[in-house]
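Asker: Quick note, the first sequence lines up with residues 140 to 517 if you use this note's numbering.
Ideal Cβ positions, reconstructed from N, Cα and C, are used throughout, including at glycine.
Handing you a structure now.
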Amino acid sequence: MEEWTPATVKAFRQALLTWYDQEGRDLPWRHDQDPYHVWVSEVMLQQTQVQTVIPYYENFMANFPTVAALAAAPEPQLLKAWQGLGYYSRARNLQRAAQQIVTDYHGEWPRTAAGLADLVGVGPYTASAIASIAFGEVVPAVDGNAFRVFARLLMIEDDIAKPRTRQTFEKIIQPIVDPKRPGAFNQAIMDLGSSYMTAKNSDPAHSPVKEFDASLRAGRVTDFPVKTKAPRPKLMPYYGLIIHSPAGYLMVQRTEQEMLSGYWTFPLVRQADLREEDDGEPSLATDIVALTRRWQQEAHLDLSLQPLGGRSVSQTYTHQRWQVKLLMANLQTVSDLQFYPGQWVAPGDIADLPLPKVQEKMGQRLQDQNPFDEKEWK
DNA sequence: AACGCGTGGCG
DNA sequence: TCGCCAAGCGT
Numbered sequence: 140m141e142e143w144t145p146a147t148v149k150a151f152r153q154a155l156l157t158w159y160d161q162e163g164r165d166l167p168w169r170h171d172q173d174p175y176h177v178w179v180s181e182v183m184l185q186q187t188q189v190q191t192v193i194p195y196y197e198n199f200m201a202n203f204p205t206v207a208a209l210a211a212a213p214e215p216q217l218l219k220a221w222q223g224l225g226y227y228s229r230a231r232n233l234q235r236a237a238q239q240i241v242t243d244y245h246g247e248w249p250r251t252a253a254g255l256a257d258l259v260g261v262g263p264y265t266a267s268a269i270a271s272i273a274f275g276e277v278v279p280a281v282d283g284n285a286f287r288v289f290a291r292l293l294m295i296e297d298d299i300a301k302p303r304t305r306q307t308f309e310k311i312i313q314p315i316v317d318p319k320r321p322g323a324f325n326q327a328i329m330d331l332g333s334s335y336m337t338a339k340n341s342d343p344a345h346s347p348v349k350e351f352d353a354s355l356r357a358g359r360v361t362d363f364p365v366k367t368k369a370p371r372p373k374l375m376p377y378y379g380l381i382i383h384s385p386a387g388y389l390m391v392q393r394t395e396q397e398m399l400s401g402y403w404t405f406p407l408v409r410q411a412d413l414r415e416e417d418d419g420e421p422s423l424a425t426d427i428v429a430l431t432r433r434w435q436q437e438a439h440l441d442l443s444l445q446p447l448g449g450r451s452v453s454q455t456y457t458h459q460r461w462q463v464k465l466l467m468a469n470l471q472t473v474s475d476l477q478f479y480p481g482q483w484v485a486p487g488d489i490a491d492l493p494l495p496k497v498q499e500k501m502g503q504r505l506q507d508q509n510p511f512d513e514k515e516w517k
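Next up, the structure:
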């Protein structure tokens, strides 16, 4: 890899920050250096692109303008504000950290990366970003952009998928960070990584730091960064149960142990489990299937599940690929039996719940087919 | 250390 | 349709 002299470091800072001052993006969270604003934006930006985050950030600040407001927010409102943004544990961790700030720190922010890292949901990158941007600490904020930019500039061969590579990069970048403007330096690297030095379609030959780009000189830009590939998502076949009654549709809130926790969906049953039930084998069925069976037997209700036409709904996650076949049943009466932990939701009220994308797709499919001649969709 | 965790965009 | 990528963190 390349090594830079102090003179090269100085020239690099100059070129980078001159460009950033002229061409840096005007983003909603860059209007001031309020640590609350920086923190919320950084958490939203974890694994998420800027143009996706902007409307969520604006809405979030309108709903929760201060750390105290966030700490006191009702969870359904919080989850609704995060709906569609993904990685939902971020929202819960954000609120828990807000409560830490209010109660443990009496509203006073830790002013260093080391202190900030004690907040739940704030890891090494986010802690350094907040510390440098809001409090001027001279530390590198090493995210995917910094990995890519410096891997190319210096031709660093370490595999960025390995956890310990972070320390390697931090050690290399630390003396390069501009001690006078660490926050601007870190943000400039990110802007560079999302413009002239992207993963694909980058244009390093015209970047403001092209003179410092060893991979460009070597004609090896696309060799960096080195990163081992992630495994393919595992196929997970489900049935989505659309159970309709005069009271509405049966919805369940996903538990803390499940992914998408706190969000609401139609009951989802692994296809293998439902088949085991049908075969009369020892039951691997979920609560919902067992309850639908019991309900059917005790109340003598017709709960025969019919397929809903059309192809299955699919949703790909980082490690799972769901294929959801929709089955539906129409109950003429509800009786007083309860579907724990489910809840009947009127069609016009479904959109008020926090819903993950896969539920929106199932709901859309249902509305397209409209098998129960429903007129009350919101 | 390796894995689980959402969604949207792009070639 | 597919594979890869995007301002990571918790366990």
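#1: DSSP puts ALA468 in a beta bridge; with which residues?
#2: Taking Cβ to Cβ, would you say MET398 is nearer than 7 Å to TRP461?
#3: Just tell me which of TYR226, ARG235, LEU224 has its CA closest to the CA of PRO213.
#4: Just to confirm, are GLY481 and LYS517 a CB contact at a threshold of 7 Å?
#5: With H, G and I counted as helix, E and B as strand and the rest as coil, what does DSSP make of GLY254?
#6: Quick check on DSSP: helix, strand or coil for LEU166?
#7: Okay, do the region 203-213 and the region 236-249 touch, 3+ Cβ pairs below 8 Å being the bar?
#8: Just the Cα atoms here: how many angstroms apart are SER334 and SER443?
#9: Under the three-state reduction of DSSP, which class applies to THR404: helix, strand or coil?
#10: According to the neighbour-count rule (16 or more other Cβ atoms, all chains shown, within 10 Å of its Cβ), is ASN284 buried or exposed?
#11: Taking buried to mean at least 16 other C-beta atoms within 10 Å of its own C-beta, is ASN509 buried or exposed?
#12: Using 8 Å as the Cβ pair cut-off and three pairs as the minimum, do the region 296-311 and the region 248-260 touch?
#13: Would you grab the beta carbon distance between VAL463 and TYR377 for me? Rounded to a whole angstrom, and I think it's under 8 Å.
#14: Using beta-carbon positions only, say whether HIS458 and PRO372 come within less than 7 Å of one another.
#15: Would you say ALA256 and ALA266 are within 7 Å of each other, going by their C-beta atoms?
#16: What residue does the beta strand (DSSP E) around SER453 start on, and which one ends it?
#17: Run through DSSP, which three-state label would PRO376 get?
#18: Just reading off the beta strand (DSSP E) that GLY481 is part of, what are its end residues?
#19: If you draw a straight line from the alpha carbon of TYR178 to that of ASP165, how long is it in whole angstroms?
#20: Would ILE382 and ALA468 be called neighbours here (beta carbons separated by less than 7 Å)?
#21: Taking C-alpha atoms, which residue in THR472, GLN186, GLN326 lies nearest to GLY163?
#22: Considering only the alpha carbon of each residue, which of SER228, GLN153, ALA273, ALA210 lies closest to HIS245?
#23: In the region 271-316, which residue ranges form an unbroken alpha helix (DSSP H) of at least 4 residues, counting only runs that do not cross its ends?
#24: Count the other C-beta atoms from every protein chain shown that fall within 10 angstroms of the C-beta of GLN306, then say buried if there are 16 or more, exposed otherwise.
#25: Could you check what DSSP says for GLN445 in three-state terms: helix, strand or coil?
#26: Can you name, in chain order, every residue of its own chain whose Cβ lies under 7 Å from the Cβ of ALA220, other than the five neighbours on each side?
#27: Quick one: grab the DSSP three-state call for MET390.
#28: From the DSSP output, read off the bridge partner residues of TRP461.
#29: Pair every Cβ in the region 180-194 with every Cβ in the region 336-349, then say whether three or more of these pairs are closer than 8 Å.
#30: Which one of THR361, ALA353, ASP352 has the shortest CA to CA distance from LYS339?
#31: For the candidate residues LYS514, LYS301, PRO406, whose alpha-carbon lies nearest to that of ALA369?
#32: Can you tell me whether GLU515 is buried or exposed? The criterion is at least 16 other CB atoms within 10 Å of its CB, across all chains shown.
#33: Do PRO167 and TYR196 have their C-beta atoms within less than 7 Å of each other?
Answerer: Let me spell this out:
#1: Start at 1 with the first residue of the first sequence, and residue 468 comes out as number 329. Beta-bridge pairing links ALA468 to ILE382.
#2: Counted from its first residue, the first sequence places residue 398 at position 259. Counted from its first residue, the first sequence places residue 461 at position 322. Cβ distance not < 7 Å, so MET398 and TRP461 don't count as in contact.
#3: If you number the first sequence from 1, residue 213 lands on position 74. The candidate whose alpha carbon is nearest that of PRO213 is ARG235.
#4: For this step, residue 481 is matched to residue 342 along the first sequence. For this step, residue 517 is matched to residue 378 along the first sequence. Judged by beta-carbon spacing, LYS517 lies beyond the 7 Å limit of GLY481, meaning their Cβ atoms are not closer than that value.
#5: Against the first sequence, residue 254 aligns to sequence position 115. Helix at GLY254.
#6: Along the first sequence, read from residue 1 onward, the residue named residue 166 stands at position 27. Three-state result, LEU166: coil.
#7: They touch, by the three-pair rule.
#8: Here residue 334 is taken as the residue at index 195 of the first sequence, counted from 1. Here residue 443 is taken as the residue at index 304 of the first sequence, counted from 1. Roughly 55 Å between the two C-alpha positions.
#9: Numbered from its first residue, the first sequence carries residue 404 at position 265. Correct three-state label for THR404: strand.
#10: For the purposes of this step, residue 284 is taken as the residue at position 145 of the first sequence. Around the C-beta of ASN284, 16 or more other C-beta atoms lie within 10 Å, and the residue is accordingly described as buried.
#11: Residue mapping note: residue 509 aligns to position 370 of the first sequence, counting from 1. Classification for ASN509: exposed.
#12: No contact exists between the region 296-311 and the region 248-260.
#13: To locate residue 463, count along the first sequence from 1; it is residue 324. To locate residue 377, count along the first sequence from 1; it is residue 238. Confirmed, Cβ separation roughly 5 Å.
#14: In the first sequence, counting from the first residue as 1, residue 458 sits at position 319. In the first sequence, counting from the first residue as 1, residue 372 sits at position 233. Taking the C-beta atoms as reference points, PRO372 is found nearer than 7 Å to HIS458.
#15: For the purposes of this step, residue 256 is taken as residue 117 along the first sequence, with counting starting at 1. For the purposes of this step, residue 266 is taken as residue 127 along the first sequence, with counting starting at 1. A contact, by the Cβ cut-off of 7 Å.
#16: For the purposes of this step, residue 453 is identified with residue 314 of the first sequence, where counting begins at 1. Annotation for SER453: the continuous beta strand (DSSP E) segment containing it runs 452-455.
#17: Locating residue 376 in the first sequence gives position 237, where the first residue counts as 1. Reduced to three states, the DSSP call for PRO376 is strand.
#18: Here residue 481 refers to the residue found at position 342 of the first sequence. Boundaries of the beta strand (DSSP E) harbouring GLY481: 481-484, taken from the DSSP string.
#19: Here residue 178 is taken as the residue at index 39 of the first sequence, counted from 1. Here residue 165 is taken as the residue at index 26 of the first sequence, counted from 1. The sequence given here has Trp at residue 178, not Tyr. A straight-line Cα-Cα distance of about 17 Å links TRP178 and ASP165.
#20: Residue 382 sits at position 243 when you count from the first residue of the first sequence. Residue 468 sits at position 329 when you count from the first residue of the first sequence. Yes.
#21: On the first sequence, position 24 is the one that residue 163 refers to. With distances taken between Cα atoms, GLY163 lies closest to GLN326.
#22: In the first sequence, residue 245 corresponds to position 106, counting from 1. For the residues SER228, GLN153, ALA273, ALA210, the minimum Cα distance to HIS245 belongs to ALA210.
#23: Counting whole runs of 4 or more residues, the region 271-316 contains the alpha helix (DSSP H) stretches 283-293, 304-312.
#24: As a working mapping, residue 306 is identified with position 167 in the first sequence. By the neighbour-count rule (16 or more Cβ atoms within 10 Å), GLN306 is not buried but exposed.
#25: Counted from its first residue, the first sequence places residue 445 at position 306. If DSSP states are grouped into helix, strand and coil, GLN445 belongs with the strands.
#26: The sequence position of residue 220 within the first sequence is 81, counting from 1. Hits under 7 Å: ASN198, PHE199, ASN202.
#27: Translated into positions along the first sequence, residue 390 becomes position 251. Shown here, MET390 sits in a strand according to DSSP, grouped into three states.
#28: Your numbering for residue 461 matches position 322 in the first sequence. DSSP, once it has assigned bridges, lists MET375, GLN454 as partnering TRP461.
#29: Here the region 180-194 makes no contact with the region 336-349; the two share fewer than three CB pairs at distances below 8 Å.
#30: Taking the first residue of the first sequence as 1, we reach residue 339 at position 200. The residue with the shortest Cα to Cα distance from LYS339 is THR361.
#31: What you label residue 369 is simply residue 230 of the first sequence in a count that begins at 1. Taking only the C-alpha atoms, the option nearest ALA369 is LYS301.
#32: In the first sequence, counting from the first residue as 1, residue 515 sits at position 376. Flag for GLU515 reads exposed.
#33: Taking the first residue of the first sequence as position 1, residue 167 is located at position 28. Taking the first residue of the first sequence as position 1, residue 196 is located at position 57. For the 7 Å CB-CB criterion, PRO167 and TYR196 form a contact.
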